[in-house]
Amino acid sequence: MSKPKSRLITSEMMQKGEIPLLFTGGACNIQDVSGPVRNPGRDPLAHWLDEQGWSYFDPQIHPSTHGREYVWGIDGPQEKRARDEAKLRIYEITATTISAVTMLEIMDDARRNLKSVVWFNEGKNFAPIGIGDRDALLDNRALRQRVGETVYWHLRAYVDAGRQLRNELLLMLADCPSIVVVNSFDELKAAITYLLRD
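Under the working numbering, think of the first position of the sequence shown as 1308, with each following residue one higher.
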C-alpha cells in the first residue's frame, strides 16, 4: 500500500489562499538534555488525517517536515489565521510539556465558542523529561543535592504548576459545550470524525 499524499497546509500555502479543514496544535518542543527537539506525538494524527484526505495546519514547523524552522513573521500570523478559520481545532497536551500557551489557546476557543478537541496524549500527568512527575521529583534526593535548594524549589513549583494547569483546565471546560476532551488516539479519531459531520 502506498503512503497517502500529505494534506499538510503550510504557511506559504495559506498565504496563497488555501485554508485547512483542521488546526492541529499543542505540544511542540520537548526539552531534553540537548535542548528543544521535535515532538513526534502528532505524527500518527498527521498520518491518519492524510489517509482521510483531510487538510490540516500544524504549527510545529521543523526542518524534517517543512524544510525550515518556525519564522515568527511568517508562521505566527498564519498560525493564528489557521486557528480562526479551521472548521475544527485539535490541541495535543503531552506529559512532557507544560502546555501553558496551548491552554490559553484552548480557553480562547472556549470564550469564542469554537469547536475544538483537547487531546491528552499520554495521560493527564505532567512529567518533564529529566525531572519526572511530582512524586518522582519529591523522591529524587540526588537531583536536589546536585542542583541546590533554590533550583530544586523552582523545579518543584514548575511541576506543581503543570499539574495544577491540567486540573484547572478540566474544571473550566466541564460546562463548555464547544470543546471535547479525549484521552486516547482512538477517542481522538472518533471525536474528529463525529465533529466534522456537522
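Virtual Cβ for every residue (Gly too), placed ideally from N, Cα, C.
Per DSSP, residue i is paired with what?
| i | result |
| --- | --- |
| T1331 | I1397 |
| I1499 | For I1499, which the question treats as bridged, DSSP gives no partner whatsoever. |
| F1364 | F1330 |
| L1315 | Y1363 |
Provide the residue span of the alpha helix (DSSP H) that contains residue i, from first to last.
| i | result |
| --- | --- |
| N1474 | 1456–1480 |
| S1318 | 1318–1322 |
| I1381 | 1379–1392 |
| Q1338 | Where Q1338 is concerned, there is no enclosing alpha helix (DSSP H), although the beta strand (DSSP E) it sits in stretches over 1336–1339. |
| W1426 | Per DSSP, W1426 belongs to no alpha helix (DSSP H); it is in the beta strand (DSSP E), 1423–1428. |
| D1442 | 1441–1446 |
| T1409 | 1407–1418 |
Going by beta carbon distance, what residues of the same chain come within less than 6 Å of residue i, once the five residues before and after it are set aside?
| i | result |
| --- | --- |
| N1432 | A1402, D1440 |
| E1399 | G1333, A1334, G1348, R1349, W1426, N1428 |
| C1483 | A1417 |
| A1336 | It should be noted that the sequence gives Asn, not Ala, for residue 1336. Taken in chain order, the residues that qualify are P1343. |
Is the beta carbon of residue i less than 8 Å from the beta carbon of residue j?
| i | j | result |
| --- | --- | --- |
| L1328 | V1424 | no |
| R1314 | G1360 | yes |
| L1421 | L1444 | no |
| W1426 | V1489 | yes |
| Q1260 | M1321 | There is no way to answer for residue 1260, as the model of the chain reaches only from 1308 to 1505. |
| A1407 | L1472 | yes |
| I1405 | G1469 | yes |
| D1365 | T1409 | no |
| R1390 | E1412 | yes |
| T1291 | H1354 | There is simply no residue 1291 to check, as the chain begins at 1308 and stops at 1505 in what is shown. |
| P1343 | F1492 | no |
| G1455 | V1340 | no |
| E1392 | I1486 | no |
With DSSP collapsed to three states, give me the class of residue i.
| i | result |
| --- | --- |
| S1371 | helix |
| I1486 | strand |
| P1343 | strand |
| F1492 | helix |
| P1435 | coil |
| E1376 | coil |
| A1353 | helix |
| R1451 | helix |
| E1358 | helix |
Taking 8 Å as the limit between beta carbons, can you name the residues of its chain near residue i, skipping five residues before and five after?
| i | result |
| --- | --- |
| R1451 | Y1459 |
| G1430 | A1402, N1490 |
| L1477 | K1431, V1488 |
| M1479 | M1414, A1417 |
Which same chain residues end up closer than 7 Å to residue i when comparing Cβ atoms and leaving out the 5 residues on each side of it in sequence?
| i | result |
| --- | --- |
| P1370 | E1376 |
| K1312 | D1357 |
| K1496 | W1355 |
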